[in-house]
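Here is the structure we will look at, set down as structure tokens.
Residue numbers (the working numbering): 2 to 411.
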């Protein structure tokens, strides 16, 4: 099975490269450092104490508390790999030169061997659901312990892996520890063949998030600039189809709340221009975040340094076309709708807005955040809408009931 898997990977490599080049048409960063994806790159002379692999933005952000803890014990000797440029950007913005950064190699034997020769990791930590048979086997042969941290298996992923249970079992056998997010995740790993003694439930690292205070203060200042008393909601981390749903809901909401503001933040930067065109076609007055100079932060409750800015008081939609500023947008809002949940993506991090005391709305597809979804619903901190048409009624009800908003946030 491993031989067949490897042969298929080699056959698929030209298609993978074409896809990489195609994605680079919208996000040029995909064309940079392509050699690293095949294991090339500068050699790290002394190797690294710990290698942490986080695929993209969500995994990178979840890994930050862990990485900072590792840096306390191994300063200058932590390597972080990502798969996407946006994940790379988040790592560099948050950690700078404190860590080494590479793109992870494709799971081809030659690429994996080159990568390991050049980096020399003594331990490997893989975030969430990344199971790479050739990489895991190469690490095991070199006696490098592998930990799957923040491990999760959605029902959909589990069903896929279960069709190849024997292959999945041999891959999991190379792991020294699996730190599952929940009992359900742990049970799925055991059913795939993981050694029960290697599986522990340690909770979700995303509960350890720390929201940057300075950015939150800038968010409060931004809110002042377009009018502090205006009702503001955010549609965060949206995907194709969800922007249209948010704009449709906002147009209806404006009939009840004429001064309402929507902060629309697409998940992927390569879609910023496309979403700008969608907003423009909607006829709503909008600005791009990139066209606005951020205000100086001021402490909540302190006098505002400037009156509301005239060209923003008529704003109906702000397009969040920036990376790493989601906490700022949340701090400027009253209610948060979290995307990836109306479409079948599995949802995104609902804990960020909840940690700031915002009522949280999301759609029916939340299988990537089952535990957080259940906790928020059970505590009355969130509401699930069944589809696009459910967004506006939920918003209208909350904007008309300040006590309900406060209770949900609390």
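For each residue, glycine too, the CB sits at the ideal point set by N, CA and C.
By the neighbour-count criterion, in which a residue is buried when 16 or more other Cβ atoms sit within 10 angstroms of its Cβ, residue 143 is exposed. Excluding its 5 nearest sequence neighbours in each direction, residue 135 has C-beta neighbours in its own chain below 6 Å: 108, 110 and 113, listed in chain order. In this structure, DSSP gives residue 238 an extended state, which the three-state scheme calls strand. Among the bridge pairs identified by DSSP, residue 80 is matched with 52 and 101. Going by beta carbons, residue 405 and residue 399 fall inside the 8 Å limit. Pairing residue 40 with residue 115 gives a Cβ-Cβ distance under 8 Å. Rounded to whole angstroms, the gap between the alpha carbons of residue 216 and residue 146 is 37 Å. The three-state secondary structure of residue 109, taken from DSSP, is coil.
Distances from the alpha-carbon of residue 266 to those of 74, 388, 341 and 103 put 341 closest. For the region 311 to 393, the full-length beta strand (DSSP E) segments reaching 3 residues or more read 318 to 320, 336 to 339, 361 to 363 and 383 to 385 along the chain. Taking every protein chain shown into account, the CB of residue 348 has 16 or more other CB atoms within 10 angstroms, so this residue is buried.
In this structure, DSSP gives residue 148 an extended state, which the three-state scheme calls strand. The alpha-carbon of residue 122 is positioned some 13 Å away from that of residue 100.
In the displayed model, residue 137 falls within a helix according to three-state DSSP. Between residue 370 and residue 350, the C-beta spacing is below 8 Å. Between residue 205 and residue 382, the gap from beta carbon to beta carbon reaches 8 Å or more.
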